[in-house]
Amino acid sequence: MTLHRQDVTLNHGRTLALMDNPDPGCWRRGACSSRSAGAFRMTAGKPKTTFIYAGIAGKGFNSLKQGMDSGWISHGLASLSAYIKNEGFEADLIDLRALRGWEHFREVLEQRNPDVVGLSMMSVDFNPVMEAVSIAKEVNPNIVTVVGGPHPTAEPDEVLENPLVDYIVQAEGEITFANLLKSIEGGSLPQNRKLLGIHPNLNTIPYADRDLFLNEWRKWGYDLVSPEVPFVKELPAPFVTIIAGRGCRYKCNFCKPMEDFLFGKGTRRRSVDNVMAELVLLRDRYGFASFMFHDDCLTEDRDWVIEFCEKYAAAGFTQPFFCQSRADILYHHEDMVALMASVGLKGYFIGFESGNNRVLNFIRKGTTREKNIAAAEICRKYGLTIWANYMLGLPTETKEEVMDTVSMLKIIDPDYYSPSFYTPHPGSDLYVYGIEHDLNLVMDHDSYRRNPTEAKIKGLPLEFLMWARDESQKRTFKNAARRSVRSVWEKYGDPHKYVRKFKKLAGLDGGGGGISTGGPGSTGKSDRRELKQMSTGD
Numbered sequence: 206m207t208l209h210r211q212d213v214t215l216n217h218g219r220t221l222a223l224m225d226n227p228d229p230g231c232w233r234r235g236a237c238s239s240r241s242a243g244a245f246r247m248t249a250g251k252p253k254t255t256f257i258y259a260g261i262a263g264k265g266f267n268s269l270k271q272g273m274d275s276g277w278i279s280h281g282l283a284s285l286s287a288y289i290k291n292e293g294f295e296a297d298l299i300d301l302r303a304l305r306g307w308e309h310f311r312e313v314l315e316q317r318n319p320d321v322v323g324l325s326m327m328s329v330d331f332n333p334v335m336e337a338v339s340i341a342k343e344v345n346p347n348i349v350t351v352v353g354g355p356h357p358t359a360e361p362d363e364v365l366e367n368p369l370v371d372y373i374v375q376a377e378g379e380i381t382f383a384n385l386l387k388s389i390e391g392g393s394l395p396q397n398r399k400l401l402g403i404h405p406n407l408n409t410i411p412y413a414d415r416d417l418f419l420n421e422w423r424k425w426g427y428d429l430v431s432p433e434v435p436f437v438k439e440l441p442a443p444f445v446t447i448i449a450g451r452g453c454r455y456k457c458n459f460c461k462p463m464e465d466f467l468f469g470k471g472t473r474r475r476s477v478d479n480v481m482a483e484l485v486l487l488r489d490r491y492g493f494a495s496f497m498f499h500d501d502c503l504t505e506d507r508d509w510v511i512e513f514c515e516k517y518a519a520a521g522f523t524q525p526f527f528c529q530s531r532a533d534i535l536y537h538h539e540d541m542v543a544l545m546a547s548v549g550l551k552g553y554f555i556g557f558e559s560g561n562n563r564v565l566n567f568i569r570k571g572t573t574r575e576k577n578i579a580a581a582e583i584c585r586k587y588g589l590t591i592w593a594n595y596m597l598g599l600p601t602e603t604k605e606e607v608m609d610t611v612s613m614l615k616i617i618d619p620d621y622y623s624p625s626f627y628t629p630h631p632g633s634d635l636y637v638y639g640i641e642h643d644l645n646l647v648m649d650h651d652s653y654r655r656n657p658t659e660a661k662i663k664g665l666p667l668e669f670l671m672w673a674r675d676e677s678q679k680r681t682f683k684n685a686a687r688r689s690v691r692s693v694w695e696k697y698g699d700p701h702k703y704v705r706k707f708k709k710l711a712g713l714d715g716g717g718g719g720i721s722t723g724g725p726g727s728t729g730k731s732d733r734r735e736l737k738q739m740s741t742g743d
């Protein structure tokens, strides 16, 4: 196709000069020619952005509020929206989970009539993102398409092979995306389609724009009794999620160095005061009854956790919460576990990953089978729920080593099992290992789904892995009996439950304020102050 400049009129009266766009349907046929971005000449107005949430690889269209994959906001898009709105730009959202299908998406996009569409892409989102981009260019050939997220950061050239993608943003996108909008407003576009993100100061950027999602969901008639969907019985509605920091300092090779590419090395964390201010805002706005920290590993900074627990209780919060942690951290810092349990922590997501020490060493996990089991015992001691993440079918793993993971799960007896078959994600050292050793079986982006239903690498037979997946989730008779007794006790026999109900009805609970001083792992205020003084960090 011959490229030449032409003058066109975009939405809202903008006049621009840019390159001809290729046939919008060419991407589906694999027949697109290369193109370069042209320069915009604008006469007036700020560009309007529509963000598109394309996370339908798991449950598809019409899936909103159907569990974790379909019941939570995207903090990435919510943060982008908050940032550009703070810079004076307009933004809305199309959430594919709320729509009937691609033709419905086309209709909604025509009605919204944006100048720019912004999409976030994990590897599993590649196909729906590319379809959304194609339809966007069919609706308006002059729309500016911008794709960010983990996959464009790890595989920029693959994403840019599609000439319908005008720009990708690698790493964190708030500042770079806002600068792109300012360039459009000023009458020009960058010639380089690959834009590098800038790490923002997390204490100065606006809080995530949750209403970007909530307002969109309301348009389709979804009941918003809870802003996001609680995923365990320990966390009642209304439920929200929050992120206190970005990045991870650990070296697991199934993740690193990709996370370093996204967020920089180590962890950048918001101040406790900044997080507390957001929690107060969320309490006032949504009246949340529980929440979850989305951070990869909230507990890696013990000093931060101790300060948070003190200020959380001092602010009158009693809402239960979950967070992610590592077995080795819980093993080494039982005092921190006790403190967190005393102020409302109900459970941890724990990445046990394997029950075999050679495999744990191979994936650079930094823990051991023994520490995994000990960490679970500590959680049990303080009445904390365990959500166990673990992988089967890792590179070099033998059947005997898989059985070590199965036997570990029998001992740990988690409340929730979360198995996966190892998936080689682009940008990780283990992905490169799989390429170098001709192990990878993932031939389509849809196979990046986490669900343990198909072989992702060569090695152990799929039938064995599926058996191990099921066997790992079968409780021993002893554990099943113990859980049955506990369930009956919690439902009918715990006198504290009736005391709490009476106090609430009588108005004697102080409006939910105060700190629990009884029960396993209880830590009083003076004890928390002593813990803070003892803390040496990690």
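Heads up, the sequence shown is in this note's numbering, so the first residue is 206 and it goes up one at a time. Beta carbons: idealized from backbone N, C-alpha and C, even for Gly. Since we're looking at a predicted model, the values are computed, not measured.
Here MET463 carries a helix assignment [DSSP, helix/strand/coil]. Between the region 627 to 637 and the region 606 to 618, the count of Cβ pairs shorter than 8 Å is below three; the stretches do not touch. When secondary structure is reduced to three states using DSSP, GLY323 falls in the strand class. Under the three-state reduction of DSSP, GLU512 is assigned to helix. LYS663 and LEU417 have their C-alpha atoms some 42 Å from each other. Per DSSP, the continuous beta strand (DSSP E) segment holding TRP592 begins and ends at 590 to 597.
In the structure shown, ASN345 adopts coil according to DSSP, grouped into three states.
Counting every other CB atom within 10 Å of its CB across the protein chains shown gives ILE534 a total of 16 or more, marking it as buried.
If you draw a 10 Å sphere on the C-beta of THR658, you find fewer than 16 other C-beta atoms in it, and that means exposed. Under the Cβ criterion (8 Å, minimum of three pairs), the region 522 to 536 counts as touching the region 568 to 584.
Linking GLY354 to GLY402 through their CA atoms gives a straight-line distance of about 10 Å.
Boundaries of the alpha helix (DSSP H) around ASP362: 361 to 365. Under the three-state reduction of DSSP, THR358 is assigned to helix. In the DSSP assignment, GLY450 falls within the beta strand (DSSP E) that extends over 450 to 453. At the C-beta level, ILE289 and ILE257 stay beyond 8 Å of one another. Straight through space, the alpha carbons of ASN367 and TYR622 are spaced by roughly 39 Å. Counting only runs that start and end inside the region 612 to 656, the alpha helix (DSSP H) elements of at least 4 residues fall at 634 to 641.
Contact annotation: PHE527 and LYS551 have beta-carbon atoms nearer than 8 Å. Remark: fewer than three beta-carbon pairs, one from each stretch, lie closer than 8 Å, so the region 475 to 491 and the region 453 to 462 are not flagged as touching. Under the three-state reduction of DSSP, TYR427 is assigned to coil, being neither helix nor strand.
Excluding sequence positions up to five before and after GLY492, its CB lies within less than 8 Å of the CB of PRO443, all in the same chain and listed in chain order.
By the neighbour-count definition (other C-beta atoms within 10 Å, threshold 16), SER689 is an exposed residue. Under DSSP, the beta-bridge partners assigned to LYS399 are ILE373.
Cα atoms of PRO435 and ALA494: separation of roughly 10 Å, rounded to the nearest angstrom. Under a 10 Å Cβ-count criterion, GLN396 is classified as exposed, with fewer than 16 other Cβ atoms of the shown protein chains found around its own Cβ. Boundaries around TYR536 are those of the alpha helix (DSSP H), 532 to 537, since no beta strand (DSSP E) includes it. Rounded to whole angstroms, the gap between the alpha carbons of SER677 and LEU503 is 27 Å.
With fewer than 16 other Cβ atoms from the protein chains shown falling within 10 Å of its own Cβ, VAL485 counts as exposed.
Annotation for THR446: the continuous beta strand (DSSP E) segment containing it runs 444 to 447. For LEU644, same chain residues with a beta-carbon under 8 Å away, outside a window of 5 residues either side, are PRO600, PRO629, TYR638, ILE662, LYS663 and GLY664 in chain order.
Judged by DSSP secondary structure, THR472 falls within the beta strand (DSSP E) whose first and last residues are 471 to 474. By the beta-carbon neighbour count (other beta carbons within 10 angstroms, threshold 16), GLY560 is buried. Nearest neighbour of MET273 by Cα position, chosen from LEU544, ILE555 and THR446, turns out to be THR446.
The beta carbon of PRO441 sits closer than 8 Å to the beta carbons of PRO435, ALA494, SER495 and PRO525 from its chain, once the five residues preceding and following it are set aside; these are given in chain order. Each of PHE682, ILE591, THR472 and ASP414 was checked against the Cα of ASP620, and the nearest Cα belongs to ILE591. In the same chain as ALA449, and ignoring 5 residues on each side of it, the C-beta atoms closer than 7 Å to its own belong to ARG474, ARG475, VAL480, PHE498, ASP500 and LEU503, in chain order.
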